[in-house]
Amino acid sequence: MKKRKILLILALMVLSVSLVFAGGKKEEPAPAPEKKVEEAAKKPYEGVKMRLAAMADQFAEYMKVLTERYKAETGADIQVDILGYVELYQKMTQDYSTDTKQYDLATVDIVWSGEFAVKGWTVDLTPLIERDKAEINTNDIYPVMWAMGSWEDKQVAFPMSGYANSLIYRKDLFNDPAEKKAFMDEYGYELAPPETMSQMRDMATFFTRKDKNLYGLVANGARGPAVAQDWMEYMRSFGGQILDENGNVVIDSKECLESLKFFVDIFDKWAPPGAIGYWWDDRETAYRTGQAVMQSSWSIARAGYEDPSISKVVGKTGMAAPPKVEGKETFYGVGGWGIGINADISKERQEIAWDFIKWLTSPEVQKDWLLHDGQPIRISTVKDPELNQKMPWLPVMHKVYQNGDGDYRPRVPEYNEIQSILGLRVNQAITHELSAEEAISKAAEEIKALY
Amino acid sequence: MQISGRRTIHLFLLPITVYLIIFFLYPVLFELYISFFDYSLGSPKKFIGIKNYLAMLKDEEFIISLRITSVFVVSAVFCQLTFGLLIAILLNHESRIMNIIRTLILIPTVFTPLVAGLVWKALLHPDLGPVTYYLRQLGINIGRGLTVERSTALFSIVMIDVWEWTPLMVIIILAGLKSLPEEPYEAGRIDGASAWHLFRYITLPLLRPTVVVALLIRTLDALKIFDIIWAITRGGPGTATTVANIRIYDVGLQHLRIGYASSLSNVLLVIGILIGVLFVNVLYSRKYGGIR
Chain R
-17 MKKRKILLIL
-7 ALMVLSVSLV
3 FAGGKKEEPA
13 PAPEKKVEEA
23 AKKPYEGVKM
33 RLAAMADQFA
43 EYMKVLTERY
53 KAETGADIQV
63 DILGYVELYQ
73 KMTQDYSTDT
83 KQYDLATVDI
93 VWSGEFAVKG
103 WTVDLTPLIE
113 RDKAEINTND
123 IYPVMWAMGS
133 WEDKQVAFPM
143 SGYANSLIYR
153 KDLFNDPAEK
163 KAFMDEYGYE
173 LAPPETMSQM
183 RDMATFFTRK
193 DKNLYGLVAN
203 GARGPAVAQD
213 WMEYMRSFGG
223 QILDENGNVV
233 IDSKECLESL
243 KFFVDIFDKW
253 APPGAIGYWW
263 DDRETAYRTG
273 QAVMQSSWSI
283 ARAGYEDPSI
293 SKVVGKTGMA
303 APPKVEGKET
313 FYGVGGWGIG
323 INADISKERQ
333 EIAWDFIKWL
343 TSPEVQKDWL
353 LHDGQPIRIS
363 TVKDPELNQK
373 MPWLPVMHKV
383 YQNGDGDYRP
393 RVPEYNEIQS
403 ILGLRVNQAI
413 THELSAEEAI
423 SKAAEEIKAL
433 Y
Chain C
8 MQISGRRTIH
18 LFLLPITVYL
28 IIFFLYPVLF
38 ELYISFFDYS
48 LGSPKKFIGI
58 KNYLAMLKDE
68 EFIISLRITS
78 VFVVSAVFCQ
88 LTFGLLIAIL
98 LNHESRIMNI
108 IRTLILIPTV
118 FTPLVAGLVW
128 KALLHPDLGP
138 VTYYLRQLGI
148 NIGRGLTVER
158 STALFSIVMI
168 DVWEWTPLMV
178 IIILAGLKSL
188 PEEPYEAGRI
198 DGASAWHLFR
208 YITLPLLRPT
218 VVVALLIRTL
228 DALKIFDIIW
238 AITRGGPGTA
248 TTVANIRIYD
258 VGLQHLRIGY
268 ASSLSNVLLV
278 IGILIGVLFV
288 NVLYSRKYGG
298 IR
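Sequence lines, in order, name chains R and C. Here this note's numbering is used: position 59 in the first sequence is 41, and no number is missing along the way. For this note's numbering, count along the second sequence from 1 and bump the result up by 7.
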């Protein structure tokens, strides 16, 4: 009896210990080569199970449909887990740094490229791209898209969904003859989508009618990546930079300060009251509910404005390249998501993951992807006549991609810390906890301390 | 079968001892160990002695976060105690309706704090929230919104915490009230004491141990606040709701500076232990009418 008790206690101990070490995921072996040869005619990856961590952007839901299609074609079962921006970064960095192989594939934000490359977290795809460049048709991919994953001589993610930064505006209001006349009377020039920042200022002021719950311009104000990333879009329009070409910290420039003052004005003068706490979805809601007249946004949100189930501005939206400050030649902002392969998984699984990436970014799938909330990386997709008929805003995206800058948010290994610093300091400026000058100076001091 | 002997007792204690060593002692010791290193996730560790502890003296944000944590803990726990005491006295009558109310009042406590945070985030949404709407309809000036104005953001977090945890205070105090002996009250009434005198000189002193335990539980819990704030303001606007745990989270899981984040956590741990020791001393101290 005593022996049995001892055994029971030992069993419990083993159970406890096994629970402690149960964190990692046992890597499932890829099918044996012989088996693969046998079934090659049918489904080459039958029985393979993989996991993909996807950013909870508009494209994520359709990714599940696409992985089902991929499973039907190849047999590989890729489970898609959809995660928020902050959660995705944390989960992936923890997975990569502790080698737990929770995920085989993950979407990689353009700005994580440097960090992922330096730390060797995702597979350098350069040799695979070189090997399969004819199949991929690399010439069909916009050059700016390679920023999604490139760092020095490595390509640690493959471009998957390219976002064009653009000006979104209410074309019904901009084209309204009464509004045009009133604007002309007040400002002395014609009301049209702003091309310069001072025009944007005038139009934001003109359209802000708080008594009618109408606001001229909206941006993200919530502390963290939301406010940091939105401010950097305006910073780029003003010709400012966080780091110069040689990697020097140059945020304490006149251009950055001017852009921050403009950004503070958005919240003080032209945005809905709550914008100071907005994340991306809140900002989009403010636009889709007709509260805001203009916003600087990513092209991924464009199709949603025409969906009556979530938008009150169906048929009323115009899209243009973002305005620039007068006299400065600036590029347009390009962002988006690449897709990377966990460097810890076996070579066999890496090959299957690479096959999925090639399939997902192939011209045929890209077209379907764009029709279902995805974003393109290929010139042929953006030029496709059928897609252009359904999405008349594609030429604007083409213009942005051709003159795009994927580096205005510095894709350096320290990006996440830079963003965290800006997330606080810019938020302190718009909430007037600090003046714009103090915020820029503190941010510069802190970013310089990283180097 | 007879269970006897020290060996058998130790054997039975072994699983929980192993559990505590693995899940409690090891993490605490490891945290202490890595707090002496410059350690970022994905980079090698470098021993730096007590530099992390010295760095926090100059860490303006951490110092601010300790101040905000103190304001939060004191105001939230004070409100919870006051409301908890009042509601417990109101509910301290036996009737069917009281039984129903006592059950219903627990609902907020059942919510996971993160869910409670998300629900309140929607209710207090600066543009679309129903609470915001009615407050504005009543002509109350809430600026751009309770959760986004620096002057009211922490207040709204305190309010939500009070909403969620006052019921727990009520239940603990109610249990204390139910267990009070009847004799001192009878003696008091014979001596002509008024209801206020009975409350002030009999109920309150007898309730002291219960109140101290409730305060200890809630104070330590409030010190750990994170989820509600994470769901609603993420420490903003500016640093208005950056409590210590938000700062530690930023350092550890945003900047991935695990070594420095560990040293900050250790400071919070020491503060928690000191508060615990203080309350336990009060609980056992005769001077304060304690239970020893």
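Glycine included, each C-beta is placed from N, C-alpha and C at the ideal position.
Got a sec: is the Cβ-Cβ distance from residue i to anything in chain C below 8 angstroms?
i	result
R/S79	yes
R/E16	Note that R/E16 has pLDDT 49, beneath the 50 cutoff, so the model's placement of it is unreliable and no number is given.
R/K430	no
R/K101	yes
R/I258	yes
R/G206	yes
R/S402	yes
R/T75	yes
R/E237	no
R/N409	yes
R/A201	no
R/E420	no
R/P125	no
R/Q72	yes
R/I254	Here the sequence assigns Pro to residue 254 of chain R, which means Ile is not the residue at that position. Chain C, which has a Cβ nearer than 8 angstroms to the Cβ of R/P254, makes this yes.
Quick check: is the beta carbon of residue i nearer than 8 angstroms to any beta carbon in chain R?
i	result
C/V220	no
C/R151	yes
C/P137	no
C/V155	yes
C/D257	yes
C/H132	yes
C/I167	no
Which two residues bound the contiguous alpha helix (DSSP H) that contains residue i?
i	result
R/R265	W262 to R270
R/S417	Premise fails: R/S417 is in no alpha helix (DSSP H) and is neither H nor E.
R/I64	Segment D59 to L65 is the beta strand (DSSP E) holding R/I64; no alpha helix (DSSP H) there.
R/M373	Neither: R/M373 is in no alpha helix (DSSP H) and is coded neither H nor E.
R/R218	P207 to S219
Find the residues of chain D that neighbour residue i, judging by a C-beta separation of less than 9 angstroms, and give them in chain order.
i	result
R/P392	Of the protein chains in this structure, namely R and C, none is chain D.
Assuming residue i contacts residue j under a Cβ cut-off of 8 angstroms, what Cβ separation, rounded to an integer in Å, is found between them?
i	j	result
C/G243	R/R205	3 angstroms
C/G259	C/S42	Actually they are not in contact, since the Cβ atoms of C/G259 and C/S42 sit about 11 angstroms apart, beyond 8 angstroms.
C/V284	C/F79	Their Cβ separation, rounded to whole angstroms, is 21 angstroms, which puts C/V284 and C/F79 out of contact at 8 angstroms.
R/P175	R/Y151	6 angstroms
R/Q401	R/A210	5 angstroms
In chain C, what lies closer than 9 angstroms to residue i by C-beta?
i	result
R/E399	Q261, H262, L263 and R264
Mind checking whether the beta-carbon of residue i lies closer than 7 angstroms to any heavy atom of the ligand HEM?
i	result
R/Y260	Absent from the structure shown: the ligand HEM. Ligands present: none.
For the beta strand (DSSP E) holding residue i, just list the boundary residues, first then last.
i	result
R/T89	L87 to D91
C/A200	First-last for C/A200: undefined, no H or E at that position.
R/I321	Y314 to I323
C/A62	No beta strand (DSSP E) contains C/A62, which is instead part of the alpha helix (DSSP H) from K58 to L64.
R/Y145	F140 to R152
R/A35	K31 to M37
R/L199	Y197 to V200
R/T343	It is not in any beta strand (DSSP E) - R/T343 carries neither H nor E in the DSSP assignment.
Give the interface partners of residue i over in chain C, defined as CB-CB distance under 7 angstroms, in chain order.
i	result
R/E134	Those do not exist, as R/E134 stays about 17 angstroms from chain C at its closest Cβ, beyond 7 angstroms.
R/T413	R157, P244 and G245
Which chain C residues are close to residue i, counting only those with a beta carbon under 8 angstroms from its beta carbon?
i	result
R/A268	D134
Positions along the stretch 24 to 56 of chain C whose CB lies within less than 7 angstroms of some CB in chain R | Result list: V25, Y26, I29, L48 and G49.
Given a limit of 8 angstroms on CB to CB distance, which residues of the stretch 98 to 130 of chain C reach chain R?
-> Taking a C-beta cut-off of 8 angstroms against chain R, none of the residues of the stretch 98 to 130 of chain C qualify.
Which residues, in chain order, does the stretch 234 to 248 of chain C contribute to contact with chain R at a C-beta distance below 8 angstroms?
-> Along the stretch 234 to 248 of chain C, going in chain order, the ones with a CB nearer than 8 angstroms to a CB of chain R are T240, R241, G242, G243, P244, G245, T246 and A247.
Identify each residue in the stretch 143 to 176 of chain R for which the Cβ-Cβ distance to at least one residue of chain C is less than 8 angstroms, and report them in chain order.
-> So the list is empty, because no residue satisfies the distance condition.
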